Each structure stands twice: as C-alpha cells, then as structure tokens.
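For the sequence shown, UniProt numbering gives the first residue as 1, with consecutive numbering after it.
Every residue, glycine too, gets a C-beta built ideally from N, C-alpha and C.
All values derive from a computational prediction rather than experimental measurement.
First the structure, in the form of structure tokens, and then the observations on it.
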Amino acid sequence: MTWLIPVNIDAGAQATFNEFVRDLDVRLTDPATDRVVLAREILAEAMYGRSYAQLVADAPLAALNLDSRNITFEAEYYMATDQERFAQVKPLLWLWKTLDLTPLGQNPVFGIPVRRVLAGHIFRRVGRDFKCWQNVEFSVGYNMEVGDNVVVHRGVLLDDIGGIELHDDASVSDYVNIYSHTHSVLDGPDVTLKKTVIGRGARITYHSTILAGAVVSDDAMLATHALLRDDIPPHGIAMGVPARTSRFKVRPPQDVLVDSRTYPHDAGRKANPQFPQPTPGQTRLPDERDAPITPGSVVTGR
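Spelled out as structure tokens, the structure:
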C-alpha cells in the first residue's frame, strides 16, 4: 500500500523517455557495449546538447571530464576496493552521479527509471520496482543487495564497501547515512568491513546514521537524527544519540525474516593488511582523571 498518487505527463514525452530507458537497458545487457563510450555520449547529449565528438572539438576540457577514465572516485583509493569489479561499474556510477546534476536527472519520471536500469547493472542484486531519488551516493555500488519495492530518497549515502542489504519494502529517508566500514579510534588506517542489514519494511528516517554491522529488523524504525551503533529488534523504534529501542509498534503476530536476535551478523573483515588482527577495545569510560582543571587546583602525576 502506498500514499502516493499517480502523476501523468505529456504522452509524447513519456514515450520518448520510455524508449530511452528500454534502449539503455538493451545496450548495457549487450557484452559488446563499451560502457565508457556509452556513458560519455549520454552525458554529452544531456549536459551540452551535442555528441561527444562535437564536444571534444568545441570544449575539450568539458569533454574530458565526461569520460570516466579521466576521473576518480574516493573508493579507488581504498585497499578494500576490488579494482577489477569497480572498473566494470565505474562508468555507470559516473553516469548516475553526473546525470543527477542535469534537468533530466532531476526529473523523477526520467531519473527514477534510468537509475533502476543502472542499478540492475551495478548492484550485486536488485529486486522489482526499486525507486531511487536524486543525488544518492555509493562507495562501490557492487556490494549493494536490494529487494523488491525498496525506496531510497534524496541525498542518501550508502557506503557499501563492506556490503549493505536493503530487504523488501525498506524505506531510506532523505539525507540518511548507512555505513559498512569502521576505523580504529587510535589508528585511522585500521579499517574493518562489516555488512549492514536493513530488514523488510524497515524505515530509516530523516538525517539518521547507521554504523557498520548493525542489523535493523523487519518493520523496525530508526528515528530522525538518531545514531545507530547496535541493532533494532522486530517492530522496534530506536531514538537518540546513541539510539536505543524505546518503543514498539503494536502489530498482530507476523512472520519475521530479519530478526536482529537471530540474523547472521557479519564478524568483520580487515581491510588493511598492516592491521590483520581484530581491533581490540581502545576506549574507556571517563573517571576522576578527566575532571576539568580549575584555577588553583593541584595537578598530580598520572
């Protein structure tokens, strides 16, 4: 069930958009398609209204920046990135990201179907009716597992370097951050990858953040501006910084697939060979040693 209503545009425009989307999917399905060339041609037309060859002659700097071989993503600097796999999806991630900056990308009746097609050729898995709004960022893209009827809203960061699962009917609201890697408190280069799981029908609401390895159970909710470090049980509502489950939805009994109490948690994989061992505890609770120093007080050795 949805609260959204259908919105129609000019039939001729809709037919043109539909034809483009079908052609894009056919071309990406063809193993002979050069993804770099395809992406730069689409961007040249969308951004400058001309072919890539014409753009090279007229504005070579602009043209060079449309070719994904001439740009870099942050993930390319990570040891944990599978460079071969990333090379396959990089042109499509660049097309996705850059097209979102154009009027075409900002138009939902065009942008959402195009992103759905691109997701099918970038993600590890994507189900039916994936709806992704504009300006969503991924770290590598190829570690995304997305179920049916999933919605991701504007300005979301999906850091899938360690893997992210979004199960059927999950909803991720505007400006949410979901992470799947952590850094040691004492040694920033000590990085651990952990898959983060969002269960069926779970709702991750505005401006909230989920840290690596958390499991949000089916029908659970993370409140606005909350910071989740652990898990949320089925039907639970977690609030605060750090988030704690403080309420439960009133539901009749129902089957649960993703239950944080039993669902497999990622034990973690080390991303930097210089730090191969599990990261030990590196923090303590504050005590009297951390009391503020006032004028005239005596400081003793520690």
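Cβ neighbour criterion (16 or more within 10 Å) applied to residue i
{"i": "residue 166", "result": "buried"}
{"i": "residue 162", "result": "buried"}
{"i": "residue 100", "result": "buried"}
{"i": "residue 207", "result": "exposed"}
{"i": "residue 143", "result": "buried"}
{"i": "residue 237", "result": "buried"}
{"i": "residue 219", "result": "buried"}
{"i": "residue 221", "result": "buried"}
{"i": "residue 261", "result": "exposed"}
{"i": "residue 301", "result": "Reliability fails at residue 301, whose pLDDT of 48 lies under 50, so the model's placement of it is uncertain and the value that follows must be treated cautiously. Classification for residue 301: exposed."}
{"i": "residue 188", "result": "exposed"}
{"i": "residue 81", "result": "buried"}
{"i": "residue 53", "result": "exposed"}
Three-state class that DSSP yields for residue i in the structure shown
{"i": "residue 208", "result": "coil"}
{"i": "residue 301", "result": "With a pLDDT of only 48 at residue 301, under 50, the local geometry of the prediction cannot be trusted, and the value read off the model is given with reservation. Of the three classes helix, strand and coil, the one that applies to residue 301 here is coil, per DSSP."}
{"i": "residue 284", "result": "coil"}
{"i": "residue 79", "result": "coil"}
{"i": "residue 232", "result": "strand"}
{"i": "residue 180", "result": "coil"}
{"i": "residue 166", "result": "strand"}
{"i": "residue 8", "result": "coil"}
{"i": "residue 16", "result": "helix"}
{"i": "residue 193", "result": "strand"}
{"i": "residue 245", "result": "strand"}
{"i": "residue 238", "result": "strand"}
Cβ-Cβ separation, residue j to residue i (assumed contact under 8 Å), whole Å
{"i": "residue 269", "j": "residue 193", "result": "5 Å"}
{"i": "residue 265", "j": "residue 248", "result": "Residue 265 to residue 248, Cβ: 21 Å. No contact."}
{"i": "residue 46", "j": "residue 181", "result": "Not quite, the Cβ-Cβ distance comes to about 33 Å (not below 8 Å), so this is no contact."}
{"i": "residue 92", "j": "residue 35", "result": "6 Å"}
{"i": "residue 178", "j": "residue 205", "result": "About 13 Å separates the two Cβ atoms, so there is no contact after all."}
{"i": "residue 104", "j": "residue 43", "result": "That pair is no contact at about 10 Å."}
{"i": "residue 213", "j": "residue 226", "result": "Wrong, their Cβ atoms sit about 16 Å apart, outside the cutoff."}
{"i": "residue 156", "j": "residue 172", "result": "5 Å"}
heavy atom of the ligand SAM below 7 Å from residue i C-beta
{"i": "residue 30", "result": "You won't find the ligand SAM in this model; it holds no ligand whatsoever."}
Chain C contact for residue i (CB, 8 Å cutoff)
{"i": "residue 111", "result": "Reference to chain C is not applicable here, since this structure consists of a single protein chain."}
Taking contact to mean at least 3 C-beta pairs separated by less than 8 Å, is the region 70-90 in contact with the region 130-144? Yes, since at least three Cβ pairs between the region 70-90 and the region 130-144 fall closer than 8 Å, the two stretches touch.
Could I get the ranges of all uninterrupted beta strand (DSSP E) runs contained in the region 84-114, with 3 residues as the minimum, in chain order? Segments of the beta strand (DSSP E) lying fully in the region 84-114: there are none.
Contact between the region 77-88 and the region 48-60: three or more CB pairs below 8 Å? Touching, no.
Please list the segments of the beta strand (DSSP E) lying wholly inside the region 124-175, counting only runs of 3 or more residues, in order along the chain. Counting whole runs of 3 or more residues, the region 124-175 contains the beta strand (DSSP E) stretches 144-146 and 164-166.
Ordered list of beta strand (DSSP E) runs contained in the region 41-74, each at least 3 residues: Scanning the region 41-74 from its first residue to its last, no whole beta strand (DSSP E) run of 3-plus residues comes out.
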